[in-house]
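A short worksheet on the structure shown next.
Residue numbers (the numbering used here): 15 to 405.
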């Protein structure tokens with residue numbers, strides 16, 4: 015089957031003699047065209063980037079056995095029966111699709127409510143995209159899936175890099191305020207949570223690209239800031255302690271609230287300063303524990319515990335505290351071997367457990383007993399918050 019490649023540049027003819035389809039193609043058609051003609055058992059294949067030049071070339075040459083070849087081409091240009099197109103994507107269009115795909119992912123990132131775990135982020139992103147931009151994502155996947163996948167990998171790497179910790183800053187100095195004459199109590203500012211320092215981007219093109227996306231995403235993401243607490247003085251001096259690390263025996267899986275937002279129950283929730291977040295375990299929680307570790311030994315005078323999920327659903331108004339198990343009795347364990355047991359009341363408030371100046375670098379809170387939920391309640395045991403005081 016002969017193949018003729020045309021590279022000659024014919025002089026511009028009178029456009030009035032061109033078929034209407036070729037006049038339109040001359041203005042907008044930029045992809046390679048292939049013309050295949052069949053006559054009396056013989057084939058002729060001609061390739062040319064410009065269909066106008068192809069038509070002129072056929073008009074100027076005579077092929078034995080292929081009469082009226084130019085008229086055949088005019089018919090094929092209108093009907094498409096003999097014209098085969100080889101599609102290609104220009105470089106500028108590929109770059110535009112990468113930018114569009116990245117912009118879509120950044121928009122999805124703006125809808126994230128939490129970034130506690132990468133798995134939670136991806137799960138929430140899938141739910142948001144599926145509900146709000148499913149058609150657009152499908153278009154990208156069908157036409158330019160490779161560009162979207164590259165952009166998605168870049169955003170995942172940025173989120174992982176953003177969550178790495180290279181060190182923990184030393185706690186800020188504590189402002190000590192001692193009671194003056196005639197004053198029954200004094201307060202001090204609580205310590206801030208240890209700072210999390212993201213890793214510095216590496217000096218490589220990949221790191222530069224992912225850092226650019228990170229700036230756009232992180233500027234729109236909400237951050238959980240611990241709320242300061244005004245603490246009553248104990249013996250003239252009281253400070254609130256922030257642990258270096260919080261771990262637990264287990265954690266219940268994530269869930270969704272009535273508005274469809276992902277809710278996490280990781281151990282860190284008991285130290286974020288918000289009573290409407292919680293660490294939660296499955297079942298009655300007996301013998302489950304949560305442990306707080308400090309930078310060094312600290313002297314503890316009081317521990318306060320919220321013995322349940324102190325949250326009112328913003329949409330349904332349901333009180334989540336009485337819908338779950340509530341912690342009734344706990345045991346406090348210290349790294350020096352000391353232990354203290356305490357009974358808590360069935361109310362969603364921070365309840366104090368006095369401690370006699372125990373020096374320890376860690377504190378483990380073990381659940382010994384819990385109160386069951388109603389028959390239509392939830393089979394989980396949560397602790398919303400813990401407060402540690404030293405003096």
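Built from N, CA and C at the ideal position, the CB exists for glycine as well.
Owing to the predicted nature of the structure, the values given are computational and were not obtained by experimental measurement.
Beta-carbon separation (whole angstroms), residue i vs residue j, contact threshold 8 Å
i, j, result
"residue 397", "residue 260", "With 8 Å as the limit, residue 397 and residue 260 do not qualify as a contact, their Cβ atoms being about 11 Å apart."
"residue 388", "residue 297", "Going by Cβ atoms, the distance from residue 388 to residue 297 rounds to 16 Å, so no, they are not a contact pair."
"residue 364", "residue 399", "6 Å"
"residue 295", "residue 321", "Not confirmed; about 13 Å, so no contact."
"residue 316", "residue 366", "6 Å"
"residue 323", "residue 292", "5 Å"
"residue 327", "residue 286", "The Cβ separation is near 19 Å, so there is no contact."
Terminal residues of the beta strand (DSSP E) in which residue i lies
i, result
"residue 394", "394-397"
"residue 296", "293-296"
"residue 367", "365-385"
"residue 314", "303-320"
"residue 341", "340-348"
Limits of the unbroken alpha helix (DSSP H) element including residue i
i, result
"residue 334", "334-337"
Inter-residue spacing [alpha-carbon to alpha-carbon] between residue i and residue j
i, j, result
"residue 284", "residue 111", "43 Å"
"residue 214", "residue 378", "Because the pLDDT of residue 214 is 43, which lies under 50, any placement of that residue in the model is unreliable, and the number read from its coordinates should be weighed accordingly. Near 34 Å, if we compare the C-alpha coordinates of residue 378 and residue 214."
"residue 332", "residue 350", "42 Å"
"residue 343", "residue 376", "20 Å"
"residue 382", "residue 262", "15 Å"
"residue 372", "residue 319", "17 Å"
"residue 312", "residue 348", "11 Å"
"residue 290", "residue 299", "19 Å"
"residue 279", "residue 404", "27 Å"
"residue 268", "residue 277", "6 Å"
"residue 390", "residue 254", "38 Å"
"residue 338", "residue 395", "6 Å"
"residue 288", "residue 360", "19 Å"
"residue 368", "residue 345", "12 Å"
"residue 314", "residue 302", "22 Å"
"residue 266", "residue 282", "13 Å"
"residue 402", "residue 306", "10 Å"
"residue 353", "residue 310", "19 Å"
"residue 258", "residue 374", "13 Å"
"residue 362", "residue 370", "25 Å"
"residue 273", "residue 358", "32 Å"
"residue 330", "residue 275", "14 Å"
"residue 264", "residue 118", "36 Å"
"residue 308", "residue 116", "41 Å"
"residue 114", "residue 167", "15 Å"
"residue 170", "residue 380", "36 Å"
"residue 325", "residue 334", "5 Å"
"residue 256", "residue 384", "26 Å"
Simplified DSSP state of residue i, which is helix, strand or coil
i, result
"residue 402", "strand"
"residue 86", "Here residue 86 scores only 48 on pLDDT, less than 50, and its place in the model should not be relied on; the value that follows carries that caveat. Of the three classes helix, strand and coil, the one that applies to residue 86 here is helix, per DSSP."
"residue 277", "strand"
"residue 357", "strand"
"residue 289", "coil"
"residue 255", "coil"
"residue 324", "coil"
"residue 262", "strand"
"residue 222", "Because the pLDDT at residue 222 is just 43, under 50, the model does not fix this residue reliably, and the value given afterwards should be weighed accordingly. Three-state DSSP puts residue 222 in a helix."
"residue 179", "In this predicted model, residue 179 has a pLDDT of only 41, less than 50, meaning its place in the structure is not dependable enough to derive any value."
"residue 41", "Because residue 41 sits at a pLDDT of 42, beneath the cut-off of 50, its placement in the model cannot be relied upon, and the following sentence gives the value as read from the coordinates. The answer is helix: DSSP assigns residue 41 an H, G or I state."
Near the ligand ZN: residue i beta-carbon under 8 Å from a heavy atom
i, result
"residue 262", "Looking for the ligand ZN in the displayed structure turns up nothing, as the structure carries no ligands at all."
Proximity test, Cβ basis, 9 Å: residue i and chain C
i, result
"residue 305", "Included in the structure is just one protein chain, with no chain C present."
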